[in-house]
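Novice: Using the working numbering, the letters of the sequence shown correspond one by one to residues 164 to 415.
For each residue, glycine too, the CB sits at the ideal point set by N, CA and C.
The structure displayed is predicted, hence computed values, not measured ones.
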Amino acid sequence: LTSWTLGGSVGINTLTATAAGLTGSPVSFTASGTTPSTPTILTVNAGQAQAPVAGQATSALEVKVTDAGLTAQEGSRITYAVVTGSGTLSAATADTDASGLASVTYTTSNTVEAYSITASGVKADGTALTGSPVTFTGTSVAGTANKPTYQTAPPSNVQTGTSFSVVVQVVDANGNAVTTAGLSVALTKLSGSATLSVTTPRLTDSSGRATFTDVTLTGASLTAVLRATYNSNTVDSGTITLSSPFPAALAM
């Protein structure tokens, strides 16, 4: 006899070996049958690859714990950790419920950025779960178009009648660039008596930028300030100093 297969029930198994005429015969062997160890598995159940608006929370970052037969396992402790990203978790840990589920949410920072969050798990006895850790990833996005900002501001000094370009970027309430085409942006003169060549609004491109080319200021005014407007919100340039294209006449 080189091996012994135990019975199918949990408990003590006994094997007797008998040899006629030998001292000590028979001898007995015992072995205890126990419940087979099955892996307890951690997987992502919901919340992968989200794109929340910057500054807002994700939906549930949810994991599920089951045994090898996919039966839900209650009472496992799941620990979440932010690996990349500047946001905050609603909780650092969560325990699986009767459905084997545990979850937290992640509130993104006000700045558009990618994030990654790990979820590590252990059983009630502290044994690590198979498949642990799992990782949630996603990237936040800009919110609703809200206000203008200068991508390329007017120059601080320019000759009267000399053209220059102005690029206005439309951003959300947190200053993240929106990528929406067709938004109407106006460029007007806030102060100074110089004449501004721009008379009509421009529409944004797919990057959310409105480009004003061949902008000129003409006239005898020494200074001017320009204003960009979107959605009744404004941004003003710095003071633009105008100079004559001709040298001043020499005094005799």
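Mark Ser-262 as exposed unless 16 or more other C-beta atoms lie within 10 angstroms of its C-beta, in which case mark it buried.
Specialist: To locate residue 262, count along the sequence shown from 1; it is residue 99. Result: exposed.
Novice: Counting Cβ pairs, one atom from each stretch, are 3 or more of them under 8 angstroms apart for the stretch 234 to 245 and the stretch 300 to 310?
Specialist: Too few Cβ pairs lie closer than 8 angstroms, so no.
Novice: Between the stretch 339 to 351 and the stretch 319 to 326, do three or more beta carbon pairs fall short of 8 angstroms?
Specialist: At 8 angstroms Cβ cutoff, the stretches do not touch.
Novice: Considering only residues of the stretch 241 to 317, which uninterrupted beta strand (DSSP E) runs meet the minimum length of 3 residues and lie entirely inside it, listed in chain order?
Specialist: Whole beta strand (DSSP E) segments, 3+ residues: 256 to 258, 264 to 267, 277 to 285, 297 to 302 and 310 to 315.
Novice: Nearest CA to the CA of Gly-153: which residue from Leu-405, Val-285 and Val-341?
Specialist: Because the chain here runs from 164 to 415, residue 153 falls outside it and cannot be looked at.
Novice: What's the call for Pro-189, buried or exposed, on a 16-neighbour Cβ count within 10 Å?
Specialist: Within the sequence shown, residue 189 is the residue found at index 26, counting from 1. Exposed is the call here.
Novice: What number of angstroms, rounded off, separates the C-alpha of Thr-181 from the C-alpha of Thr-168?
Specialist: On the sequence shown, position 18 is the one that residue 181 refers to. On the sequence shown, position 5 is the one that residue 168 refers to. Approximately 19 angstroms, taken between the alpha carbons.
Novice: Assign Gln-236 to one of two classes, buried (16 or more other C-beta atoms within 10 Å of its C-beta) or exposed (fewer than that).
Specialist: In the sequence shown, residue 236 corresponds to position 73, counting from 1. Gln-236 should be labelled buried.
Novice: Decide if Phe-192 is buried, meaning its Cβ has at least 16 other Cβ atoms within 10 Å, or exposed.
Specialist: Taking the sequence shown and counting its residues from 1, the one referred to as residue 192 is at position 29. Exposed, because fewer than 16 other Cβ atoms sit within 10 Å of the Cβ of Phe-192.
Novice: So for Asp-335, helix, strand or coil by DSSP?
Specialist: The residue given as residue 335 occupies position 172 in the sequence shown. DSSP places Asp-335 in coil when its eight states are reduced to three.
Novice: Express the C-alpha separation of Gly-248 and Ala-277 in angstroms, rounding to a whole number.
Specialist: Position 114 of the sequence shown, counted from the start, is the residue given in the question as residue 277. Position 85 of the sequence shown, counted from the start, is the residue given in the question as residue 248. The straight-line gap from Cα to Cα measures roughly 6 angstroms.
Novice: When you compare the CB of Leu-346 with every CB in chain B, is at least one pair closer than 7 angstroms?
Specialist: Absence of chain B from the displayed structure is noted, only one protein chain being present.
Novice: Between Ser-172 and Ser-303, what straight-line distance do the alpha-carbon atoms span, to the nearest angstrom?
Specialist: Sequence index remark: in the sequence shown, residue 172 carries index 9 (1-based). Sequence index remark: in the sequence shown, residue 303 carries index 140 (1-based). Their backbone Cα atoms lie some 55 angstroms apart in a straight line.
Novice: To the nearest angstrom, report how far apart Val-226 and Ala-340 are at their CA atoms.
Specialist: The residue labelled residue 226 in the question sits at position 63 within the sequence shown. The residue labelled residue 340 in the question sits at position 177 within the sequence shown. About 33 angstroms.
Novice: Can you look up Thr-397 in the DSSP assignment and give me helix, strand or coil?
Specialist: Within the sequence shown, numbered from 1, the residue matching residue 397 stands at position 234. Correct three-state label for Thr-397: strand.
Novice: If Gly-388 sits next to Thr-367, beta carbons under 8 angstroms apart, how far is it from one beta carbon to the other, in whole angstroms?
Specialist: As a first step, residue 388 must be located in the sequence shown, where it is residue number 225. As a first step, residue 367 must be located in the sequence shown, where it is residue number 204. It is Val, not Gly, that sits at residue 388 in the sequence shown. Actually they are not in contact, since the Cβ atoms of Val-388 and Thr-367 sit about 23 angstroms apart, beyond 8 angstroms.
Novice: Just mark Pro-317 as buried or exposed, buried being the case when its beta carbon has 16 or more other beta carbons within 10 Å.
Specialist: Counted from its first residue, the sequence shown places residue 317 at position 154. Counting Cβ neighbours within 10 Å, Pro-317 comes out buried, since at least 16 surround it.
Novice: My output table needs one value for Val-341: the three-state DSSP class, helix, strand or coil.
Specialist: Locating residue 341 in the sequence shown gives position 178, where the first residue counts as 1. Coil.
Novice: Which residues mark the beginning and the end of the beta strand (DSSP E) in which Asp-368 is found?
Specialist: For the purposes of this step, residue 368 is taken as residue 205 along the sequence shown, with counting starting at 1. Neither: Asp-368 is in no beta strand (DSSP E) and is coded neither H nor E.
Novice: Under the rule that 16 or more other beta-carbon atoms within 10 Å means buried, what is Asp-377, buried or exposed?
Specialist: Taking the first residue of the sequence shown as 1, we reach residue 377 at position 214. Looking at its Cβ environment, which holds fewer than 16 other Cβ atoms inside 10 Å, Asp-377 is exposed.
Novice: Can you tell me whether Ala-414 is buried or exposed? The criterion is at least 16 other CB atoms within 10 Å of its CB, across all chains shown.
Specialist: Taking the first residue of the sequence shown as position 1, residue 414 is located at position 251. Residue confidence for Ala-414 is low, a pLDDT of 49 falling below 50, so the modelled location carries little weight; the figure read from the coordinates is stated next. That one is exposed.
Novice: Below 8 angstroms CB to CB, which residues in the same chain sit around Thr-203 once its five sequence neighbours on both sides are set aside?
Specialist: Stepping through the sequence shown from its first residue, residue 203 is reached at position 40. Counting only Cβ-Cβ distances below 8 angstroms, and skipping sequence neighbours, we find Val-228, Thr-229, Asp-230, Gln-236, Ser-239, Lys-286, Thr-290, Leu-292 and Thr-293.
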